[in-house]
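Its first residue numbered 84, the sequence shown is counted upward by one per residue in our numbering.
Glycine included, C-beta positions come from ideal geometry on N, C-alpha and C.
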Amino acid sequence: NYNMVRPTTFQVQFNLLVLVLCCILLLLSFQFRTLYNLTTTKAKDVEIQQDRPERIYHDICKLANDLDVESQHYSSYQLGLQWSNVRHVTKSLCHRSLLSRSSNNDDVHKKYRVQNETTSIILTFKTARSGSTFFSDVIKRSLQAMNRTAYLNWEPYGRVGCYQLKSPETMESELSTILSSNCTGTNTTIDPPLCDTPGTHKRCCPVPKCWRRFNYNAISVLSLNPRFLDSVRWEKILSPSFPKISIARVFNLRRTNLVKLAYSKYHHDGCPAIHQDGNLANDCTPEKGNYFSFKCLLQCVQHYGIGDQEFSSSVAFVAAENTKMQQPYLVLYEDVMRDQLHASEQIFNYVGVKIEEGDNFFQNTNQTKLHGDNICNYEDVNCNDWNVKLKKDYPCLFKQLHSSSTVAWSVPIESTAGKTKLSMQGDCHRLQNLDFQKRRYRHYEELYE
Numbered sequence: 084n085y086n087m088v089r090p091t092t093f094q095v096q097f098n099l100l101v102l103v104l105c106c107i108l109l110l111l112s113f114q115f116r117t118l119y120n121l122t123t124t125k126a127k128d129v130e131i132q133q134d135r136p137e138r139i140y141h142d143i144c145k146l147a148n149d150l151d152v153e154s155q156h157y158s159s160y161q162l163g164l165q166w167s168n169v170r171h172v173t174k175s176l177c178h179r180s181l182l183s184r185s186s187n188n189d190d191v192h193k194k195y196r197v198q199n200e201t202t203s204i205i206l207t208f209k210t211a212r213s214g215s216t217f218f219s220d221v222i223k224r225s226l227q228a229m230n231r232t233a234y235l236n237w238e239p240y241g242r243v244g245c246y247q248l249k250s251p252e253t254m255e256s257e258l259s260t261i262l263s264s265n266c267t268g269t270n271t272t273i274d275p276p277l278c279d280t281p282g283t284h285k286r287c288c289p290v291p292k293c294w295r296r297f298n299y300n301a302i303s304v305l306s307l308n309p310r311f312l313d314s315v316r317w318e319k320i321l322s323p324s325f326p327k328i329s330i331a332r333v334f335n336l337r338r339t340n341l342v343k344l345a346y347s348k349y350h351h352d353g354c355p356a357i358h359q360d361g362n363l364a365n366d367c368t369p370e371k372g373n374y375f376s377f378k379c380l381l382q383c384v385q386h387y388g389i390g391d392q393e394f395s396s397s398v399a400f401v402a403a404e405n406t407k408m409q410q411p412y413l414v415l416y417e418d419v420m421r422d423q424l425h426a427s428e429q430i431f432n433y434v435g436v437k438i439e440e441g442d443n444f445f446q447n448t449n450q451t452k453l454h455g456d457n458i459c460n461y462e463d464v465n466c467n468d469w470n471v472k473l474k475k476d477y478p479c480l481f482k483q484l485h486s487s488s489t490v491a492w493s494v495p496i497e498s499t500a501g502k503t504k505l506s507m508q509g510d511c512h513r514l515q516n517l518d519f520q521k522r523r524y525r526h527y528e529e530l531y532e
């Protein structure tokens, strides 16, 4: 026999308390694990979210209405810049009612990413230091993959001496001839006496080269900086009746870090311009000084970073409006630097090249960049002085000064008295990275948000 000892009231209460505490600990453990997984999943987005805590989205139509590019002073290469035949890209975006961040441009890109139609025209609008070396390498590889004969013309009229050397009508006729591959050798609309004149650079006369390499089935590949032929009316060249225009591919190359673009341009022929008082400003070259001055930074950004790039994108839009894509394919330098392999694959897809696993067309695409590091590490830059000046008056440039070459940025936009405008003194934010799965393509709206 034995006696069972009944638990006291205290022991029952104590056991219940222990049970409740165990349940609470289990619940807290579950919540902590959930929070940890959520934090890990979003780790890649933390840096971007921290960079733009007070991000303001600008109305693209308001920006288009406020913007008056013709009144802005842009004079890269010590040349004028005519906007009379071109409407700014924001006006094109507003007109097409592409106003929201959730644009459906991806649907358009996917529809024509790979198709049975063979690309017959590849037209690229670029500026200095915007990544054309890498892009030209990818295009040549795509031509190799297609096994197609191609007529390549890089930068026709791409010299200061070509500017306004010919009438707009003559250049329009020449460009139509090149793009249509209609190089018969008997075209009387070209001006042979001018091209036969001693001292005339061959870049100013691209058509004779086309005649010598005539092949009607060839792909016409044309890459240029449109600021050298700013009087050309692209709607006259790429009209709906233009041969093969429906299967043309139009690209636009841009570099969004204006500080790094400026430094690179400074070390490649400098940043000559014209002051607003009409005097030539040709002292911003490595040969004229011992360091990259703050004045040269602003001069390079204003005329080459903002002026030339805005004009190039605007012309690209006008040129692309009569193609099936309706707008250019935007290639950002920073996206390429971040992942050259995937950038190459997207370009291949866009021109209609199918790449099978194991193909070697992407080997050796990495380009060694002379100025890819933090420019504050270079001896010809005084960042101690720049930090103070940029932080005070140029918030966007201040951010870009210390940014990686793989980070893309919006354009600097300044808001004053209820009006918005593109300005070096404006602010900007970094763009979300492409992941080439959900976010495969860049939208122009991102640049102007």
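Residue i burial status per 10 Å Cβ neighbour count (16 or more: buried)
| i | result |
| --- | --- |
| L206 | buried |
| T406 | buried |
| E252 | exposed |
| F97 | exposed |
| F218 | buried |
| D418 | buried |
| F113 | exposed |
| L530 | buried |
| I107 | exposed |
| A331 | buried |
| T339 | buried |
| N460 | exposed |
| G361 | exposed |
Sequence-distant residues of its chain with Cβ nearer than 8 Å to residue i (five each side left out)
| i | result |
| --- | --- |
| P411 | F208, V333, F334, N335, S396, A399, F400, A402, A403 |
| Y387 | S159, T210, A211, R212, L344, A345, K348, C354 |
| V414 | G214, F218, F334, N335, L336, R337, A426, I430, R525 |
| K502 | D149 |
| H171 | A147, L150, V152, E393, S397 |
| Q385 | H156, Y157, A356, M507 |
Where residue i falls: helix, strand or coil (DSSP)
| i | result |
| --- | --- |
| W166 | coil |
| L380 | helix |
| D510 | strand |
| N98 | helix |
| S158 | coil |
| F113 | helix |
| Y375 | The sequence shown places Phe at residue 375, not Tyr. DSSP places F375 in coil when its eight states are reduced to three. |
| Y412 | strand |
| N434 | The residue asked about is misnamed: residue 434 is Val in this sequence, not Asn. DSSP places V434 in coil when its eight states are reduced to three. |
| Y234 | strand |
| L336 | strand |
| T207 | strand |
| L363 | strand |
Other residues of its chain near residue i: CB distance less than 7 Å, five sequence neighbours each side excluded
| i | result |
| --- | --- |
| L164 | Y157, S158, R310, D313, G390, F394 |
| E255 | V315, R316, K319, I320 |
| K174 | A147 |
| V243 | Y160, L162 |
| P478 | D510 |
| Y246 | L162, F311 |
| Q133 | Since pLDDT at Q133 reaches only 36, below the 50 mark, its modelled position is unreliable, and no value is offered. |
Range covered by the alpha helix (DSSP H) that runs through residue i
| i | result |
| --- | --- |
| T489 | Run containing T489: none; DSSP gives neither H nor E here. |
| F217 | 215 to 229 |
| A301 | Careful: A301 lies outside any alpha helix (DSSP H) and carries neither H nor E. |
| T253 | 251 to 263 |
| F311 | Where F311 is concerned, there is no enclosing alpha helix (DSSP H), given that its DSSP letter is neither H nor E. |
| E532 | Looking at the DSSP string, E532 is not in any alpha helix (DSSP H), and its letter there is neither H nor E. |
| V398 | 392 to 403 |
| D149 | 143 to 149 |
| L176 | 172 to 178 |
| C354 | C354 -> no alpha helix (DSSP H), and no H or E assigned at all. |
| L517 | Careful: L517 lies outside any alpha helix (DSSP H) and carries neither H nor E. |
| D468 | 466 to 476 |
| Y346 | 341 to 349 |
6 Å CB neighbourhood of residue i in its chain, flanking five on each side removed
| i | result |
| --- | --- |
| K125 | Unreliable positioning characterises K125 in this predicted model, as indicated by a pLDDT of 42, which lies under 50. The coordinate reading is nonetheless provided below. Nothing meets the Cβ criterion. |
| F481 | L473, K474 |
| R135 | Only weak support is given to the placement of R135: the predicted model assigns it a pLDDT of 40, under 50, and the value that follows is read from those uncertain coordinates. Here the set comprises H512. |
| V304 | I205, A233, L235 |
| Y374 | D463 |
| C367 | G353, C354, C379, Q382 |
| N365 | P355 |
Residue i - containing beta strand (DSSP E), residue span
| i | result |
| --- | --- |
| T503 | 502 to 505 |
| E497 | 496 to 499 |
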